[in-house]
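**Student:** Protein chains in written order, with our numbering: chain S, 2 to 132; chain R, 2 to 132.
Protein chains: 2
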Amino acid sequence: MQKYRNIGIKLTPQRLAVLEFLEGNKSHPSAEDIYRAVKNRYPMISLATVYNILETLKEKGLVQELNIDPSKKRFDPDTSSHHHLICMGCGKVIDISMDYSPHIPETAIQGFEVKRVHLELYGLCQDCREK
Amino acid sequence: MQKYRNIGIKLTPQRLAVLEFLEGNKSHPSAEDIYRAVKNRYPMISLATVYNILETLKEKGLVQELNIDPSKKRFDPDTSSHHHLICMGCGKVIDISMDYSPHIPETAIQGFEVKRVHLELYGLCQDCREK
DNA sequence: TCTAATTTAATAAACATTATCATATTAGAA
DNA sequence: TTCTAATATGATAATGTTTATTAAATTAGA
Numbered sequence: 002m003q004k005y006r007n008i009g010i011k012l013t014p015q016r017l018a019v020l021e022f023l024e025g026n027k028s029h030p031s032a033e034d035i036y037r038a039v040k041n042r043y044p045m046i047s048l049a050t051v052y053n054i055l056e057t058l059k060e061k062g063l064v065q066e067l068n069i070d071p072s073k074k075r076f077d078p079d080t081s082s083h084h085h086l087i088c089m090g091c092g093k094v095i096d097i098s099m100d101y102s103p104h105i106p107e108t109a110i111q112g113f114e115v116k117r118v119h120l121e122l123y124g125l126c127q128d129c130r131e132k
Numbered sequence: 002m003q004k005y006r007n008i009g010i011k012l013t014p015q016r017l018a019v020l021e022f023l024e025g026n027k028s029h030p031s032a033e034d035i036y037r038a039v040k041n042r043y044p045m046i047s048l049a050t051v052y053n054i055l056e057t058l059k060e061k062g063l064v065q066e067l068n069i070d071p072s073k074k075r076f077d078p079d080t081s082s083h084h085h086l087i088c089m090g091c092g093k094v095i096d097i098s099m100d101y102s103p104h105i106p107e108t109a110i111q112g113f114e115v116k117r118v119h120l121e122l123y124g125l126c127q128d129c130r131e132k
């Protein structure tokens, strides 16, 4: 993939496989999820390598680490400002693509330089409400 | 403490110690933090008990579990709608007590019944900006 | 093609959290 | 107040996730 030539990392088959899996992925996978998916095509890949790659991609701004799941990290290739609906019933996570970030007055921010706004809406999805 | 009589749990010294430590606490402590603090006064307490107690208090709505730290759970006795400033430099977490939750249109919510809104502002605190 | 720097894979280690279960304690009944 | 069933605790094992270690393999540029 020529598109990854200029991001300043060595291109390895493992990295390309992870990038390819993540591209456009809306499932907010964990490291383990990514490992399992990539392993199908590159059975020699190691879980440690997936962790290494995710750390590298995070530093390069190509993925975002999400703290939406208390038991493990989740990763999102969408690094734009967007938010998440999280179902407390089934754990499903759905993107809200529009940016509804509120404007917080300077006085409330106490000198912080805000870089990123995360908004999570916890609740029950349609399916879980019906149960 | 008479105030805890009617919350539907047995009152034990361990539970009272944890409740007392958490009351009004703005430090967003982890289970380990709580364990260390309570251990000073009740040296016989076990870390497993602290986890049990936190789980119970969460079920009773007396504490909130926060997913602001990827490496561990943090707990907050303030269960009202409030938000957090998180410093990417030093890890400090500061409350924003006012409720700036945006109103998200029904169409964006896709049938979700939203129970709780979490807003996290990641950035650099005054101290870390100066470095 | 060669080589220095980097990456990978396998595995061990480190943490945080949960599970297990015998013993101790609580709260309400008698 | 005493008794007892239900529940909580504490010690420790087990689990699951993530990080550290390091020899061997691979990449990218000279």
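In this text, a Cβ means the ideal position worked out from N, Cα and C, and glycines have one as well.
When you compare only the Cα positions, how much space is there between D128 (chain S) and K93 (chain R)?
**Tutor:** In a straight line, the C-alpha of D128 (chain S) is about 38 Å away from that of K93 (chain R).
**Student:** Does the separation of the CB atoms of I87 (chain S) and Y123 (chain S) fall below 8 Å?
**Tutor:** Yes. Within cutoff.
**Student:** What are the residues of the stretch 54-67 of chain R that lie near chain S, defined by any Cβ-Cβ distance shorter than 8 Å?
**Tutor:** Per Cβ criterion, the list reads E66.
**Student:** Enumerate in chain order the residues of its own chain whose CB-to-CB distance from I35 (chain R) is below 8 Å, with the five nearest sequence positions on each side excluded.
**Tutor:** Counting only Cβ-Cβ distances below 8 Å, and skipping sequence neighbours, we find V19, F22, L23, V51, L55, F76.
**Student:** Can you give me the Cβ contacts of E66 (chain S) inside the same chain, cut-off strictly under 7 Å, excluding the 5 residues immediately before and after it?
**Tutor:** Excluding sequence neighbours, E66 (chain S) sits near K59, K74, F76.
**Student:** Give a yes or no on whether 8 Å exceeds the smallest Cβ distance from G92 (chain R) to chain S.
**Tutor:** G92 (chain R) does not count as touching chain S.
**Student:** I'd like the ranges of any beta strand (DSSP E) spanning at least 3 consecutive residues and lying wholly in the stretch 55-131 of chain R.
**Tutor:** The qualifying runs are 65-67, 75-77, 84-88, 94-97, 114-125.
**Student:** Under 9 Å Cβ-Cβ, which residues of chain S neighbour K116 (chain R)?
**Tutor:** Result: M89, L122, Y123, G124, L125.
**Student:** Against chain S, does L48 (chain R) count as a neighbour if the rule is that its beta carbon must be under 8 Å from one of theirs?
**Tutor:** Cβ-Cβ to chain S under 8 Å: no for L48 (chain R).
**Student:** Name the chain R residues whose beta carbon is nearer than 9 Å to that of M99 (chain S)?
**Tutor:** Ordered by position in chain R, the residues that pass the 9 Å Cβ test against M99 (chain S) are I105, P106, A109.
**Student:** Give a yes or no on whether the minimum CB-CB distance between K74 (chain S) and chain R is below 8 Å.
**Tutor:** Yes, its Cβ sits closer than 8 Å to a Cβ of chain R.
**Student:** Hey, V39 (chain R) and S82 (chain R): beta-carbon distance below 8 Å or not?
**Tutor:** Contact flag unset, no.
**Student:** What number of angstroms, rounded off, separates the C-alpha of N26 (chain S) from the C-alpha of L12 (chain S)?
**Tutor:** When rounded, the distance between both Cα atoms is 20 Å.
**Student:** Around the C-beta of A49 (chain S), are 16 or more other C-beta atoms found within 10 angstroms, so that it is buried, or is it exposed?
**Tutor:** With fewer than 16 other Cβ atoms within 10 Å, it is exposed.
**Student:** Give me the residue from S:Q15, S:I69, S:S47, S:P14 with the minimum Cα distance to H29 (chain S).
**Tutor:** H29 (chain S) has its Cα closest to that of S:I69, out of S:Q15, S:I69, S:S47, S:P14.
**Student:** Given this structure, state the Cα-to-Cα distance separating P106 (chain R) from E107 (chain S), to the nearest angstrom.
**Tutor:** Straight-line Cα distance between these residues: approximately 26 Å.
**Student:** Let's test the definition: count the other Cβ atoms within 10 Å of the Cβ of P37 (chain S) and tell me whether it reaches 16, buried, or not, exposed.
**Tutor:** The sequence shown places Arg at residue 37 (chain S), not Pro. Exposed, because fewer than 16 other Cβ atoms sit within 10 Å of the Cβ of R37 (chain S).
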